[in-house]
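Residue numbers (this note's numbering): 349 to 1037.
This report concerns only the one structure given below.
Encoded structure:
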């Protein structure tokens, strides 16, 4: 697809949009409102002070965002600056507790991701501005790395929608407002070399050249890399471990010490493990792993093996690919990696280590080739052209089409490919959904081009119903956020076409809507027995709104999905912990619908209890409560009396409510003017890892 290039015009804090948040967040959530606040009000850290543009009501907002709960500090705010914002050794004002949440990772396991506190997000932005040249230097040292920051991004790319214009009913599927494009495609603060996706490496010239040159490929990775990294080890990577220990406590102004403190501040002063999910954490790990690469390279040289002569190594974040010709070389190199990693309290994951012999083709590559062939064969229109004559005797060619798709056959053949290629569902589903999406677009294109013959609509709708069964099967075998996003993309295309009218008749439209609704309800029903609330299910709850009011969940179904309890008097009780994401999505879904009035009241009572039960110390440091408060202040579905009760926890008077709730209309949740398709495209544009 053709891509158009545009210069990046975003200002100082643009890394807030690209490098701060994990990819796996609800579709209604982003940092755009917070970025606007920082930019519009000229918020920045200067020395040890917080500077800002003085506008009416901003001090109230600053108190919430930057956890300024100390009365003395609050009284000292004046003249567009907050003195001693950074704090000192005995009183660290930047220390905070990140908001942690779980996503599906393996069949019986979850992965925890983190969102840094607002004040720490600002600190990360300032760190990028101050140290970006050093970040680039320390990330450009290893000859092994194939994903590393290469330079600061100057341009971004926007996908051209020319291919959609072939269809009148698809022509505006990817049109956005021009001034939002900077948000859409700003993937990362830096430009990365050489591959932004591991599968591109498998298809690269480098990989194929090594396949011809060497007899073996050995894949291995670092076990629990991000949760095991010792934050102080950044100084070891930059200055050397011995020297770092000798000057311990005297290196506070160095790049390594600053990076270490940044990661500790936003992770509640933890030194073991770094926050998982943000791009800046991968940069932190990259600097450490590049140092390990150089250490290993030097040791391998002493054994007499030469890089690109006797072996070649490629590292994609914490995944290694070792090409060599014999077992001895492999054993020496792997041993050196074990020793070097141990110096940094890291270890290899032996369970995931795999050795390949010629032909050096991975299971994933085999599966991808088979999936492309299988989808091309079974998901398509069979088009024939016939010659006809009009009333005046003029000849012309007319297209006719026939389509038959069986979900049972698709599912069976897909499972056979998985079994024969010996890949895990999770490793191939992203690719499968991408191919499937293109096939669906091709079917719709062919449908628009063929003659309007008998049963044309019926055949298409039957095929789409079968495809939907296949799509939901694929998601159910490995439910993850990235696959939920891909499924949502497919569904939004169909929903949009059906909603516009003229695509199929009303009965067929309802049939397709009912299929989507039933499958989503089935998925949500599965999640009500989960011990952990998972983000991927939130995509489908939000997607239900796109079907219209005829497909709202009834109250009992929503209560079951949220895993709440109903007493004998029909009052709803929330006995489990609901996190920030669950609360905002529940409010977003319920809006002011009468059927959910009792549930919403119970949720409001729960929120107040949540604020009451937390300790003062945790409340002041919590990223979750900071974001929740700001979003509740702008939520149009709760009344002012509730908002006043929340502000009491910050010591605000009732008269300050308007100044806080109307300061801006969006922080992290887009309550008004939400466009699911638009936000989904933005999310898809951020997928880089």
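All C-beta atoms in this analysis are idealised placements derived from N, C-alpha and C, irrespective of residue type, glycine included.
Bear in mind the structure is a predicted one, so any value in this text is a computation, not a measurement.
Secondary structure of residue 857 (DSSP, three-state): helix.
The three-state reading of DSSP puts residue 666 in coil, since its state is none of H, G, I, E or B. Contact between residue 644 and residue 688 holds, since their C-beta atoms are separated by about 5 Å, short of 8 Å. Under the Cβ criterion (8 Å, minimum of three pairs), the stretch 573–590 counts as touching the stretch 604–624. Exclusion of the five residues before and after residue 748 leaves 732, 734, 798, 799 and 801 as the residues of its chain whose Cβ lies within less than 7 Å of its Cβ. The DSSP assignment places complete alpha helix (DSSP H) segments of no fewer than 4 residues inside the stretch 536–608 at 546–550, 553–561, 573–576, 581–587 and 589–594, in order along the chain. Counting only the Cα atoms, residue 363 lies some 10 Å from residue 475. A direct Cα-Cα distance of roughly 21 Å separates residue 402 from residue 999.
A distance of 8 Å or more separates the beta carbons of residue 860 and residue 906. Rounded to the nearest whole angstrom, the CA to CA distance from residue 711 to residue 719 is 12 Å.
Contact between residue 913 and residue 956 is absent: CB atoms are separated by about 18 Å, not below the 8 Å threshold. Following the DSSP letters along the chain, one finds residue 1026 inside the alpha helix (DSSP H) bounded by residues 1024–1033.
The C-alpha of residue 839 is placed about 13 Å away from the C-alpha of residue 782. Between residue 984 and residue 1019, the gap from beta carbon to beta carbon is short of 8 Å.
Excluding the 5 residues flanking it on each side, residue 580 has same chain C-beta neighbours closer than 7 Å at 608 and 619, in chain order. Taking the C-beta atoms as reference points, residue 1017 is found nearer than 8 Å to residue 376. Put simply, the backbone Cα of residue 842 is about 15 Å away from that of residue 888. A Cβ-Cβ separation of about 28 Å leaves residue 717 out of contact with residue 493 under the 8 Å criterion. Residue 954 and residue 930 have their alpha carbons spaced roughly 12 Å apart. Residue state for residue 1013 is assigned as coil, using DSSP reduced to three classes. Within the stretch 882–934, the runs of alpha helix (DSSP H) at least 4 residues long that lie entirely inside it are, in chain order, 883–892 and 903–909. CA-to-CA, the gap between residue 979 and residue 1029 works out to about 23 Å. Listed in chain order, the non-local C-beta contacts of residue 1007 below 6 Å within the same chain comprise 405 and 408, local neighbours out to five positions each way being set aside. The beta carbon of residue 640 is closer than 7 Å to those of 688, 689 and 692 in its chain, skipping five residues each way along the sequence.
In this chain, residue 973 is not harboured by any beta strand (DSSP E); it is covered by the alpha helix (DSSP H) spanning 971–982. Across the set 464, 450 and 1013, the C-alpha of 450 shows the shortest separation from the C-alpha of residue 458. CA-CA distance, residue 813 to residue 785, rounds to 15 Å. If you look at residue 753, you'll find it isn't in any alpha helix (DSSP H); DSSP assigns it neither H nor E. Within the same chain, and ignoring the five residues on either side of residue 452 in sequence, the residues whose Cβ sits closer than 7 Å to its Cβ are 458, 827, 828, 882 and 884.
Membership of residue 1002 in any beta strand (DSSP E) is not indicated, and neither H nor E is assigned to it by DSSP. Annotation: the continuous beta strand (DSSP E) that includes residue 500 extends over 495–500. Counting only residues of its own chain and dropping the five nearest sequence neighbours on each side, residue 990 has a CB closer than 6 Å to the CB of 952. Per DSSP, the continuous alpha helix (DSSP H) segment holding residue 790 begins and ends at 773–797. Our two residues, residue 921 and residue 477, have alpha carbons roughly 48 Å apart in a direct line. In the three-state reduction of the DSSP assignment, residue 460 falls in the strand class, which pools E and B. Residue 448 is bridged by DSSP to 462.
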